[in-house]
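Residue numbers for the sequence shown follow this note's numbering, beginning at 5 and rising by one. Heads up, the thing below is written out as structure tokens.
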Amino acid sequence: MTAKERSQDLNMVVELVREHLFEHLDDSDLCKDMCAVIAINLRRIHDDTEKSANAWDKRAYHSKADALRREMAWALPMAQVAESMAYNSKKFTAEDLDRLMDMLPDEYEMPKRPRFKNVEMVRGAAGAARQTLLKKR
Numbered sequence: 005m006t007a008k009e010r011s012q013d014l015n016m017v018v019e020l021v022r023e024h025l026f027e028h029l030d031d032s033d034l035c036k037d038m039c040a041v042i043a044i045n046l047r048r049i050h051d052d053t054e055k056s057a058n059a060w061d062k063r064a065y066h067s068k069a070d071a072l073r074r075e076m077a078w079a080l081p082m083a084q085v086a087e088s089m090a091y092n093s094k095k096f097t098a099e100d101l102d103r104l105m106d107m108l109p110d111e112y113e114m115p116k117r118p119r120f121k122n123v124e125m126v127r128g129a130a131g132a133a134r135q136t137l138l139k140k141r
């Protein structure tokens with residue numbers, strides 16, 4: 005994954021959390037699907053961050069690697085929370101949204117160009133992601 009792709013994934017997460025989840029709080033299933041997309045993207049970001057940091061460690065750029073790990077330390081815990089919300093049987097609530105918003109660092113702003121014109125395109129993502137996880141086990 006390139007830095008550009010990592011940035012695109014991050015912009016997608018920011019847009020879903022800061023805009024679309026709030027707009028669709030009345031549709032719990034769609035919110036869970038968005039949480040699945042958030043979790044998938046954050047896991048990709050975390051994995052890529054580790055890969056980049058390990059490459060820097062091999063070149064003895066330890067301080068740069070550590071700085072990257074610190075900068076993105078929030079991604080994996082937030083991915084785990086979003087994943088639990090996506091696969092939990094209880095309804096998605098405003099408290100769940102608040103929890104996700106609190107975990108997302110304030111330094112990340114809404115992208116200038118929205119990624120989603122119609123967020124309905126993520127409908128079904130939670131079920132598909134769950135099936136993929138079950139197949140891996």
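Think of the CB as a built atom: it goes at the ideal place given N, C-alpha and C, for glycine as much as any other residue.
Task: Inter-residue CB distance, residue 107 and residue 81 (contact presumed, cutoff 8 Å) - done: The residue labelled residue 107 in the question sits at position 103 within the sequence shown. The residue labelled residue 81 in the question sits at position 77 within the sequence shown. Correct: roughly 7 Å between the Cβ atoms.
Task: Boundaries of the alpha helix (DSSP H) in which residue 62 is found, first to last residue - done: On the sequence shown, residue 62 is found 58 positions in, with the first residue counted as 1. 32-62 is the extent of the alpha helix (DSSP H) around residue 62.
TODO: Tell me, to the nearest whole angstrom, how far the beta carbon of residue 24 is from that of residue 85; I am working on the premise that it is less than 8 Å.
DONE: If you number the sequence shown from 1, residue 24 lands on position 20. If you number the sequence shown from 1, residue 85 lands on position 81. At roughly 17 Å, the Cβ-Cβ gap does not stay under 8 Å, so residue 24 and residue 85 are not in contact.
- [ ] For residue 36, collect the residues of the same chain with a Cβ closer than 7 Å to its Cβ; drop the 5 residues on either side in sequence, then sort them by chain order.
- [x] Residue numbering aside, residue 36 sits at position 32 when the sequence shown is read from its first letter. Cβ within range, chain order: 89, 90, 96, 130.
- [ ] Report all residues from its chain with a CB closer than 6 Å to the CB of residue 112; omit the five preceding and five following residues, and keep chain order.
- [x] Within the sequence shown, the letter at position 108 stands for residue 112. Cβ within range, chain order: 18.
- [ ] Take the Cβ of residue 50 as the centre, count every other Cβ of all protein chains shown within 10 Å, and call the residue buried at 16 or more, exposed below.
- [x] The count along the sequence shown starts at 1 and reaches residue 50 at position 46. The residue is buried, with at least 16 neighbouring Cβ atoms inside 10 Å.
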